[in-house]
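Here the structure comes first, spelled out in structure tokens, and everything after it is commentary.
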Amino acid sequence: MVGLNLLPCHFKSKETLFKLCLIFLIHTAVMDSISSAIYPLCESFCKCRNNHKEINCEDTNLTSVPKGIPETVTHLRLSKNDIRFINRDDFSKYHQLEILYLDNNEIVQIQNGAFRNLQKLKSLNLSNNKLSYIQPNTFQHMASLEEINLNNNNIRSYGKDSFLFLPNIRTIQMNNNSELWCGCHLPALKRYMKQMNQSLNVSGKCILPEQRDKTLWDLDAELQNICGNYQLFDKAGHCLQCSGSNCSNQQTMTCPGPEPVCMHIISVIGITLKSEKSCSTYKKCIAAEHKNMNTCNNWTNGTSCVSCCKGYNCNVGDSIGWTHSFLFNLTITVSKDFSKDLVNTRSKEYHDLAKNISRLLEEEFSKLHGTYIVKVKYFRRPPVTAYISIYCTVLIHTSEVEVWYNIYNILNSSNTMDYLNVQRDTMKLTSATLCNEETVSSKKGTFHWPTTNGGTIVRIPCHANDAEATRRCFTRVKGFPNEVFQEKPYPHFGISMWGEPDLSLCYDMDWITEALQNISSSDFDENNIEKNSKKLLGISESARYFQEIDVVLSTDILEKMMPLVPDISTNITTNNILQSVNNMIDTPEDVLVTAQESNQSANGMLAVIERIPNEISLKEQQLTTLYSNLGIGVSKVDKDNFEGFTYAIESENNGTQKTNTIYNASYAEVENMMVMDFITLPNSLLKHLKSEELLRISRVSFHSLRTDKLYRVIQKPLKKKMEVLEQFVNSQIIAANIPNIQITNLDKPITMSFSLIHKSGYNPRCVYWDDTPGQDPHWSTKGCNIYNIVQGERISCSCNHLTSFALLMDVYGNEKDVDVKPISIISSIGCGISIVCLILTIIVHVSSKTLRKGLFSKILINLCIALAIANFIFLVGMRPYATKDIIACKAVAALLHYFLTVSIMWMAVEASHIYLAVVVVFNKYMTNYMLKSTVIAWGLPAIIVILTLAINNTNNYIRIAEVCWLSQTSFYAAFLFPVVAVLLFNLTIFSLIIGRLISMKNDKKFEHKARKLRLFGIIGVFFLLGLSWILAFFTFGEAALVFKYLFAIFNTLQGLFIFIFYCLYKKDARDVICMYLCIQKKEDLKSNTKYKTNTQDSSEGKMLGKQNLYNSDSSSGAVSSKVTNSDGDKMNTRL
328 MVGLNLLPCH FKSKETLFKL CLIFLIHTAV MDSISSAIYP LCESFCKCRN NHKEINCEDT
388 NLTSVPKGIP ETVTHLRLSK NDIRFINRDD FSKYHQLEIL YLDNNEIVQI QNGAFRNLQK
448 LKSLNLSNNK LSYIQPNTFQ HMASLEEINL NNNNIRSYGK DSFLFLPNIR TIQMNNNSEL
508 WCGCHLPALK RYMKQMNQSL NVSGKCILPE QRDKTLWDLD AELQNICGNY QLFDKAGHCL
568 QCSGSNCSNQ QTMTCPGPEP VCMHIISVIG ITLKSEKSCS TYKKCIAAEH KNMNTCNNWT
628 NGTSCVSCCK GYNCNVGDSI GWTHSFLFNL TITVSKDFSK DLVNTRSKEY HDLAKNISRL
688 LEEEFSKLHG TYIVKVKYFR RPPVTAYISI YCTVLIHTSE VEVWYNIYNI LNSSNTMDYL
748 NVQRDTMKLT SATLCNEETV SSKKGTFHWP TTNGGTIVRI PCHANDAEAT RRCFTRVKGF
808 PNEVFQEKPY PHFGISMWGE PDLSLCYDMD WITEALQNIS SSDFDENNIE KNSKKLLGIS
868 ESARYFQEID VVLSTDILEK MMPLVPDIST NITTNNILQS VNNMIDTPED VLVTAQESNQ
928 SANGMLAVIE RIPNEISLKE QQLTTLYSNL GIGVSKVDKD NFEGFTYAIE SENNGTQKTN
988 TIYNASYAEV ENMMVMDFIT LPNSLLKHLK SEELLRISRV SFHSLRTDKL YRVIQKPLKK
1048 KMEVLEQFVN SQIIAANIPN IQITNLDKPI TMSFSLIHKS GYNPRCVYWD DTPGQDPHWS
1108 TKGCNIYNIV QGERISCSCN HLTSFALLMD VYGNEKDVDV KPISIISSIG CGISIVCLIL
1168 TIIVHVSSKT LRKGLFSKIL INLCIALAIA NFIFLVGMRP YATKDIIACK AVAALLHYFL
1228 TVSIMWMAVE ASHIYLAVVV VFNKYMTNYM LKSTVIAWGL PAIIVILTLA INNTNNYIRI
1288 AEVCWLSQTS FYAAFLFPVV AVLLFNLTIF SLIIGRLISM KNDKKFEHKA RKLRLFGIIG
1348 VFFLLGLSWI LAFFTFGEAA LVFKYLFAIF NTLQGLFIFI FYCLYKKDAR DVICMYLCIQ
1408 KKEDLKSNTK YKTNTQDSSE GKMLGKQNLY NSDSSSGAVS SKVTNSDGDK MNTRL
């Protein structure tokens, strides 16, 4: 009753008090019962306190994180159990968690993003487990975390930047990890936080492999021989930049400013997920990430969450786990005639149908929550069956079965299936469970396991030997109630999870790093460099198994050796040092990329390759060495008798071995040696140098690389979608250099010849490596041109400076080639028809004295002559048999260039004459109009062609495939520019003529003329002025093929249209034809001609609105105007 006296209320009777107590006890019992039902673990094996905010599941034989933990929990103890894996979603619901104990378990792996939603977690205990590696994204989005305990594990190393994105971290304990290697991240992080006036306590010991049994170092010690000038942030980061639902327009951008990091923002806008990727700074990104505490737990419309990371394009995906992805396979049968091209994934028909299906389905799926990417994998027959992958990304709380059901409903209700002629009863939608990509490190190397379908075994080569590491993606099938899928049999869904990697066949790689660190710790001199370089050579033979640290250490060793190169034996340099670099190029590309990101190792390797020929001891006149991946050449220079140099890579007689050679000769003496790649320095090279530069010249150095691997590692281009043409280097890399002297703007360029790696490449560009400070290194075309192409074999280039050169091409299964042959046939037939019609037009207008005296006919005759010759050259001269000799090939190209340009100039003269005759309607004498026009139309193109031949020593005309034509730059300057200028001029004149005809249409004097006469006149002028050439500018984009065919038809048949409108349709020209074909009408024709001549002599040229604008013969219908020619004769101009 003492307790009753403590109640704050006073009751009138004990009976009332008893009733209230009874009610209280019943309520408490009921609530406990409800609580036990809601949280069964609290009743069964865990102890729950403080309204289920503190839960202790210690020593309860758990093998995984239990389900059913109250979401309000703040303190969770899971110690002393048998938990082996921490999965991605184990703690995703516990947003209020502040303290988490996972110590004394069997944990060997923590999936990336497992702690992503623990924004309020302050203390994490992972001690006494079996962790061997801390992945970079293990501890991320933990803005409140202050303490991590990793004592007594098997940790051997930790990922770069593993602890960087923990802004409030104060203590990191890693004691008693006996195999822990000393790293650079923690010392740099501690130094950085000290600069920010924050303290970080790091405890633990680490080892250097070569001193394993001797010295233990403090984990936060800054070891210069390991880390050098390691910086926490790169000077210039590289991040993906994009915006949109699929973020498909991703591009790599350089991040300027201090402390660059990559930012990824995921937003919910309505039902759509939007991604934004960009550069940021560490402080700004961390501040934005801190706001996630209040926004990222409940994803609703308007939610926006930020994640930060550091590393090359590290924001490529959702590494945090706010979203998850599913893959579904869809099979549909399309009511369509089968074509064999549909099974060819490189054919145009396949791409058109696949693109149409993907686009339409993606439009339908845009009505669903999330983002959906549809890709047609292939077609099979018969009938036409499409196998389609649907890759969707949705918020983490959306289940796979929900996504499947949503897709299923869309497919069954959408009209798109009917539009595609899909047989609905053939649709089959199945789930493909996936194991997410994952990187796992161990003593035997770091292995990147790709995204994999459930039930699949993945095999990856071991790093230290030729065996394989394997890992299975397990799937556990889940069933769902039949009533969920009433219309169709429901599919089986599953959960996929990686099993443990089987590395039993892989060798331990410790010896590689240990040996390299032993060499790196040495002081190099002339006495020990031979011994150390032989050691390095032996280790580099295992470069295929190098890890990032091995590449970094090897590059560091090479850089330390370089100052000794001028003073040591040539054999040591070429046989040991250079061959070590050659072997290092065999390192897996992804390993080189990580080494480049952390330590600029690829740049260091390239610098060594360039320095060796510049600094090697040269006792003989020349030195050449060639290995599997690279070669060098060096030659002394005789400045008084400099005849140029050619560095060539030749195949020996059996074709299997290659040698490199330096010739004391220019390209002209070796150009027939076509079984090699080469670079040639002209004999005029030294004439551009100043006297003090000449004094410094002692040698010319060359080097070559079999592939562009090191440049790819530096540049690291993004992979593009299947529809986008891939551009990459399609040749060896060849470089020439005069040490310490920069050679640019040469009058006589250097020349190169490259054999093609991929024979099907097209759109070649000669490029050089531009690593100008202040910009991203890249391949540039500046100063370089192509001057010869042997289709499918080799391409020759010229450049006006010295550096590293290569050939950049688009390599693809070019579906455009499918249409090349029919277009070529159409062009040949059209040119043949045009030649015949142009010759007939010339004969008709020359044979008639009356016609040939007219100014219009004189211009027309010149135009027809030029067009006929141009068509003849194209038809006969642009053929392989006519262009085998390079001189003949260039001559044909120059002649075609000349007569095409003459043709376009005469079209401009036609436009000028029509403007004066129809729009201005002059009646004054144009003094020497025809003479001036002839000089300009025939003379100006001659000047253009002569200049094109003179500049660059005729190399502006190059061999392309089996014929010759202008190089790219010359084409733009010497042909495209005058063509565009004339077409714009002619189009303007044509518009004025249309306007004039409209004004005439409103004049009552012309109401009797039929509309078709005006229309025929307009069409005739259109072809006369060459406006069909405009179609060439529309041969790009989705409608390119249509315009290519139109251009081929209308442009090659220009001669036919001229004959129709200015011979058959024009009455006086038609009368001339009849004079030869209809002898019986000869007298009538003479009488008619005499009448017309008298009419011309008695008329004066008047304004167009005051005189007859049409021929009195209604059959003509061509617009005419009376003008006076340069000889004083009046004539009737008809259009």
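Throughout the sequence shown, residue numbering follows our numbering, covering 328 to 1462 in sequence. Using N, Cα and C, we set each Cβ at its ideal position, and we do this for glycine too.
Boundaries of the beta strand (DSSP E) around F1005: M1003 to L1008. Runs of the alpha helix (DSSP H) spanning 4 or more residues and lying entirely within the region 880 to 914 occur at 906 to 911, in chain order.
Here L1380 is not near G1204, since their CB atoms are 8 Å or more apart. For the alpha helix (DSSP H) assignment, the uninterrupted runs of no fewer than 4 residues enclosed by the region 674 to 704 are, from N- to C-terminal side, 675 to 692. Between I717 and I684, the C-beta gap is not smaller than 8 Å, which leaves the two residues out of contact. With a cutoff of 8 Å on beta-carbon distance, Y974 and N987 are scored as near each other. Of the candidates T581, A1269, I899 and E425, the residue whose Cα lies closest to the Cα of Q1102 is T581. Around the Cβ of F1343, a 10 Å sphere holds 16 or more other Cβ atoms; the residue is buried.
Comparing alpha-carbon positions, the option among E616, N439 and F412 lying closest to L429 turns out to be F412. Three or more beta-carbon pairs drawn from the region 1230 to 1245 and the region 1315 to 1325 are found closer than 8 Å, and the two stretches are therefore classed as touching.
In the displayed model, R751 falls within a helix according to three-state DSSP. In the three-state reduction of the DSSP assignment, E970 falls in the coil class, being assigned neither a helical nor a strand state.
Exposure of V1262 is indicated by the presence of fewer than 16 other C-beta atoms within 10 angstroms of its C-beta. Of all alpha-carbon atoms in S1025, V1056, V1219 and F1029, the one lying nearest the alpha-carbon of L1037 is that of V1056. With fewer than three CB-CB distances shorter than 8 Å, the region 912 to 925 does not count as touching the region 891 to 904.
Here P587 is bridged, per DSSP, to T608. When DSSP reads this structure, T797 sits in a beta bridge with R786 and D829. Burial of D1035 is indicated by the presence of at least 16 other C-beta atoms within 10 angstroms of its C-beta. Contact between the region 954 to 964 and the region 899 to 914 is present: three or more C-beta pairs spanning the two stretches fall below 8 Å.
For Q525, the closest of E473, K667 and C511 by C-alpha to C-alpha distance is E473. Straight across, the Cα-Cα distance linking E1020 with K966 is about 11 Å. Distance between S450 and T599, taken at the CA atoms: about 36 Å. In terms of Cα proximity to K946, the closest of V1272, A934 and V961 is V961. CA-CA distance, W626 to S726, rounds to 14 Å. Distances from the CA of Q1059 to each of V1027, E868 and S1123 were compared; the closest alpha carbon is that of S1123. Look at Y421 here: in three-state DSSP terms it is coil, with no helix or strand label. Distance between V1219 and I1113, taken at the CA atoms: about 18 Å. Under a 10 Å Cβ-count criterion, K521 is classified as exposed, with fewer than 16 other Cβ atoms of the shown protein chains found around its own Cβ.
Counting only the Cα atoms, L1073 lies some 18 Å from F1029.
Pairing L403 with I382 gives a Cβ-Cβ distance under 8 Å. Take T779, set aside five residues on each side of it, and the residues of its chain with a beta-carbon closer than 6 Å to its own are C762, V785 and C800, in chain order. A Cβ-Cβ distance of about 6 Å is found for the pair V588 and S607, placing them in contact under the 8 Å criterion.
By the CB criterion at 8 Å, W1233 and I1196 fall outside the cutoff. For S594, the CB contacts under 6 Å within the same chain, skipping 5 residues up- and downstream, are K601 and S631 in chain order. If you look at L427, you'll find it in the beta strand (DSSP E) that goes I426 to Y428. If you draw a straight line from the Cα of P828 to the Cα of K771, it comes to about 11 Å.
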